[in-house]
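J.: For the sequence shown, UniProt numbering begins at 1 and goes up steadily by one.
I have a structure I would like to understand better, so I am pasting it below and will then ask my questions one at a time.
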Amino acid sequence: MARGDGSAGNTRTLADGQISQTEVCWVCLGEGTDLEPLSYPCKCPRPVHGACLARWQLHSAGSREEVACRFCSAVLPDWKPVLTPPLDDAAAACPTMSVTFNGQVHHVRVKGGPNGYSEFVRDIQSIFGITAEHDMQLAFDCADPITGQAMKLNGAGAYQAAVHCATISAAKRIRMWQQQQRRQPSSGLSSPAASSQIETPSTPPRHSQGTINHCFWDDFADHTLA
């Protein structure tokens, strides 16, 4: 029975005739279908749905299991393409996080990439007056990119995944606003960025260029937040 050789670029999907009644996804225990076939992305003997594996990786963001199989240690495919809906607005979306620290809340624009996290840390330290010597803990409240279900990602290593989720949510908000605009008389606003702080039916919702992801920034020494 065909399976991958353990590398991220060699995932092979089982043909319909090769799937037996006993073979099920090791995550959801469901069988393969034409729309959701089972595959072997690593050296392990049990198959998995691509979306199920991607969600497993997302919920493991920041840990080794995001990029490698917990059992055979093979490198896994990138989860982002699987969990990214076809949204043309994603590239233009500017994700925003609502950061909570010691009872204070500030909205901060964030970005991914190699310098995204370091810039985020500098912004937070400046806003809240936190010194570099403080040991911090991060927890991100995000929405599943496909289902919208709420989930929590923990640790600084989950930052890139949280920004990705925030970007998808932001793109969805932009699309929703555009659909509402098409159903209403023209208000003279040309983009979701216009008058973004004015909350009226003809303008985008507050922070419309990004989703309001909640990032709980906890001073490890004081344990201000759970």
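Beta carbons are placed, not taken as given, at the ideal position from N, Cα and C, and that holds for glycine.
Specify the secondary structure class of S195 as computed by DSSP and reduced to three states.
T.: Walking along the sequence shown from the start, residue 195 turns up at place 195. Low local confidence applies: a pLDDT of 30 at S195 is under 50, so the model's placement there is unreliable, and no value is given.
J.: Where do the ends of the beta strand (DSSP E) carrying D141 lie?
T.: Sequence index remark: in the sequence shown, residue 141 carries index 141 (1-based). Residues 136-143.
J.: Under the DSSP definition of a beta bridge, which residues are partnered with N154?
T.: Translated into positions along the sequence shown, residue 154 becomes position 154. A139.
J.: Is it the case that the stretch 43-50 contacts the stretch 21-30, given that we only count it when at least three CB pairs across the two stretches are under 8 Å?
T.: The stretch 21-30, when compared against the stretch 43-50, does touch it at the 8 Å Cβ threshold.
J.: Would you mind sorting S60 into buried or exposed? The rule is 16 or more other CB atoms within 10 Å of its CB.
T.: Numbered from its first residue, the sequence shown carries residue 60 at position 60. So S60 ends up on the buried side.
J.: Does the beta-carbon distance from L35 to A54 come in below 8 Å?
T.: By one-based count along the sequence shown, residue 35 stands at place 35. By one-based count along the sequence shown, residue 54 stands at place 54. Contact flag unset, no.
J.: In terms of DSSP beta bridges, what is H59 paired with?
T.: Here the question's residue 59 lines up with position 59 in the sequence shown. DSSP output for H59 lists no bridge partner at all.
J.: Let's test the definition: count the other Cβ atoms within 10 Å of the Cβ of H134 and tell me whether it reaches 16, buried, or not, exposed.
T.: For the purposes of this step, residue 134 is taken as the residue at position 134 of the sequence shown. Result: exposed.
J.: Q57 to A156, Cα distance in whole Å?
T.: The residue labelled residue 57 in the question sits at position 57 within the sequence shown. The residue labelled residue 156 in the question sits at position 156 within the sequence shown. Spanning the two alpha carbons is a distance of roughly 16 Å.
J.: Using the C-alpha atoms, what's the distance from T131 back to P81?
T.: Within the sequence shown, the letter at position 81 stands for residue 81. Within the sequence shown, the letter at position 131 stands for residue 131. One C-alpha to the other measures close to 37 Å.
J.: Can you tell me the Cβ-Cβ gap for T96 and V108, rounded? I've got them flagged as a contact below 8 Å.
T.: Stepping through the sequence shown from its first residue, residue 96 is reached at position 96. Stepping through the sequence shown from its first residue, residue 108 is reached at position 108. Indeed, because the Cβ distance is near 7 Å, the residues count as touching under 8 Å.
J.: Pick helix, strand or coil for S39, following the three-state DSSP scheme.
T.: In the sequence shown, counting from the first residue as 1, residue 39 sits at position 39. Residue state, collapsed to three classes: strand.
J.: Compare the C-alpha of L76 against each of A150, G112, K43 and name the closest.
T.: Taking the sequence shown and counting its residues from 1, the one referred to as residue 76 is at position 76. Nearest option by C-alpha distance: K43.
J.: Going by alpha carbons, who is nearest to H112 out of M151, L138, N102, C94?
T.: Position 112 of the sequence shown, counted from the start, is the residue given in the question as residue 112. The identity of residue 112 in the sequence shown is Gly, whereas the question assumes His. Of the listed residues, the one whose Cα sits closest to G112 is C94.
J.: Measure from the alpha carbon of L66 to the alpha carbon of each residue in Q184, A170, L153, then state which is nearest.
T.: Along the sequence shown, one-based indexing puts residue 66 at 66. According to the sequence displayed, residue 66 carries Glu and not Leu. Residue L153 is the option with its Cα nearest to E66.
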